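Student:
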Amino acid sequence: MSWLGPQEWEAVRLSLRVAAWATLISLPLGLLTAHALARWRFPGRQILNGLVHLPLVLPPVVTGYLLLLAFGTQGPFGRVLEAMGAGVAFRWTGAVLAAAVMAFPLMVRAMRLSIEAVDPKLEQAAATLGASRVWIFLTITLPLVLPGIVTGAILTFAKAMGEFGATITFVSNIPGQTQTLPSAVYAFLQVPGGEGAAMRLVLISIAVAMGALALSEVLARRIARRIGQA
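Under full-length UniProt numbering, residues 1 to 230 are what the sequence shown spells out, in order.
#1: By the 10 Å Cβ neighbour count, where 16 or more other Cβ atoms means buried, how is residue 117 classified, buried or exposed?
#2: Does the distance from the C-beta atom of residue 101 to that of residue 36 stay below 8 Å?
#3: Give the secondary structure of residue 1 by DSSP, where H, G and I count as helix, E and B as strand, and everything else as coil.
#4: Let me confirm a value: residue 109 is counted as buried when at least 16 other C-beta atoms fall within 10 Å, else exposed. Which label applies?
#5: Would you kindly check if the distance between the Cβ of residue 174 and the Cβ of residue 90 is under 8 Å?
#6: Please name the residue, chosen from 179, 158, 62, that lies closest to residue 214 on a Cα-to-Cα basis.
#7: Does the separation of the CB atoms of residue 7 and residue 92 fall below 8 Å?
#8: In its own chain, which residues sit with a C-beta less than 6 Å from the C-beta of residue 107, not counting the 5 before and 5 after it?
#9: Closest to residue 221 by CA distance: which of 149, 192, 202 is it?
#10: Using a Cβ-Cβ cut-off of 6 Å (strictly less than) and excluding sequence neighbours within five positions of residue 94, which residues of its own chain qualify?
#11: Taking the CB atoms as reference points, tell me whether residue 160 and residue 18 lie closer together than 8 Å.
#12: Just mark residue 42 as buried or exposed, buried being the case when its beta carbon has 16 or more other beta carbons within 10 Å.
#13: Alpha carbon to alpha carbon, how far is residue 53 from residue 130? Give it in angstroms, no decimals.
#14: Is residue 141 helix, strand or coil when you go by DSSP?
#15: Using the C-alpha atoms, what's the distance from residue 205 back to residue 162?
#16: In chain order, what are the residue ranges of uninterrupted alpha helix (DSSP H) at least 4 long that sit wholly in the segment 177 to 204?
#17: Among the candidates 154, 186, 51, whose CA atom is the shortest distance from the CA of residue 216?
#18: Measuring CB atoms only, is the segment 9 to 24 touching the segment 177 to 190, in the sense that at least three cross pairs come out at less than 8 Å?
#19: To the nearest angstrom, how far is the alpha carbon of residue 1 from that of residue 23?
#20: If you reduce the DSSP assignment to three classes, tell me which class residue 130 lands in.
See below:
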């Protein structure tokens, strides 16, 4: 991408890094949460469901402020992380946390719909044959919901690439450290003559978003087709 300037390329590189890590750390918790909401019945289930989807309805700046209160240098979790040398406020790792929180509802939603589409009778039949819950999940449920997992992961990656409000509130907009692609677009639009750089980053954002959506459709269909042929 020689047509990008150093600051632009750094923003793209950091965004890819943040989005990749946000997706990876969200996958295990997202799958567990989706399975719990789809299959388990327990006190507080609706509260958990509300908390999971809260970032979708809260203003992103509010979510970022709540993260700052909790994980900032003076926050209850932030102080512990700082003492361990793993603080996240105003660092790229904080951008990962903000992106993961904002994209988490999309991941859980995609996985939950896939799990709910699996016929519970298949799992019950395996249970009557003596299979444990873990074995049933690994051998029956997981392969059948793989298209939903792939779709959720790709949508999470795309959402994390475009996250702005919570990120800039929590980790600010520091070039080379926390300035992701959306933050760089915002920064370039604030200076005279920055429209060209902003437009280049906008085009990259559109390409990544459209590519992610197309890839999720293609992969989900291919996986579903292979499962149907198995």
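The beta-carbon is built from N, C-alpha and C at its ideal position, and this holds for glycine as well.
Bear in mind that the values here come from a model prediction, so they are computed numbers and not experimental data.
Tutor: With the structure as the only source:
#1: Here residue 117 refers to the residue found at position 117 when the sequence shown is read from its first residue. Exposed, because fewer than 16 other Cβ atoms sit within 10 Å of the Cβ of residue 117.
#2: On the sequence shown, position 101 is the one that residue 101 refers to. On the sequence shown, position 36 is the one that residue 36 refers to. It is not a contact, given that the beta carbons lie outside the stated cut-off.
#3: The sequence position of residue 1 within the sequence shown is 1, counting from 1. With a pLDDT of only 49 at residue 1, under the threshold of 50, the placement of this residue in the model should not be trusted, and no figure is reported.
#4: Along the sequence shown, read from residue 1 onward, the residue named residue 109 stands at position 109. Buried, by the Cβ-count rule.
#5: Sequence index remark: in the sequence shown, residue 90 carries index 90 (1-based). Sequence index remark: in the sequence shown, residue 174 carries index 174 (1-based). Yes, Cβ-Cβ distance for residue 90 and residue 174 is below 8 Å.
#6: Start at 1 with the first residue of the sequence shown, and residue 214 comes out as number 214. Selected option, being the one with the closest Cα: 158.
#7: The residue you call residue 7 lines up with position 7 of the sequence shown. The residue you call residue 92 lines up with position 92 of the sequence shown. No, Cβ-Cβ distance for residue 7 and residue 92 is not below 8 Å.
#8: Within the sequence shown, numbered from 1, the residue matching residue 107 stands at position 107. The answer, listed in chain order, is 26, 30, 152, 156.
#9: For this step, residue 221 is matched to residue 221 along the sequence shown. Checked all of 149, 192, 202; the closest Cα to residue 221 is 149.
#10: Taking the sequence shown and counting its residues from 1, one reaches residue 94 at position 94. The answer, listed in chain order, is 88, 170, 171.
#11: As a position in the sequence shown, residue 160 is number 160, starting the count at 1. As a position in the sequence shown, residue 18 is number 18, starting the count at 1. Taking 8 Å as the Cβ cut-off, residue 160 and residue 18 qualify as a contacting pair.
#12: On the sequence shown, residue 42 is found 42 positions in, with the first residue counted as 1. Exposed is the call here.
#13: By one-based count along the sequence shown, residue 130 stands at place 130. By one-based count along the sequence shown, residue 53 stands at place 53. Straight-line Cα distance between these residues: approximately 36 Å.
#14: Here residue 141 is taken as the residue at index 141 of the sequence shown, counted from 1. Three-state DSSP puts residue 141 in a helix.
#15: Here residue 162 refers to the residue found at position 162 of the sequence shown. Here residue 205 refers to the residue found at position 205 of the sequence shown. Distance between the alpha carbons of residue 162 and residue 205 is about 7 Å.
#16: 181 to 189
#17: Here residue 216 corresponds to residue number 216 of the sequence shown, with the count starting at 1. Ranking the options by Cα distance to residue 216, first place goes to 154.
#18: yes
#19: Within the sequence shown, residue 1 is the residue found at index 1, counting from 1. Within the sequence shown, residue 23 is the residue found at index 23, counting from 1. Here the model assigns residue 1 a pLDDT of 49, short of 50, so the residue's position is not dependable, and the following value carries that caveat. Roughly 24 Å separates the two Cα atoms.
#20: Your numbering for residue 130 matches position 130 in the sequence shown. In the structure shown, residue 130 sits in coil (DSSP, three-state: anything other than H, G, I, E or B).
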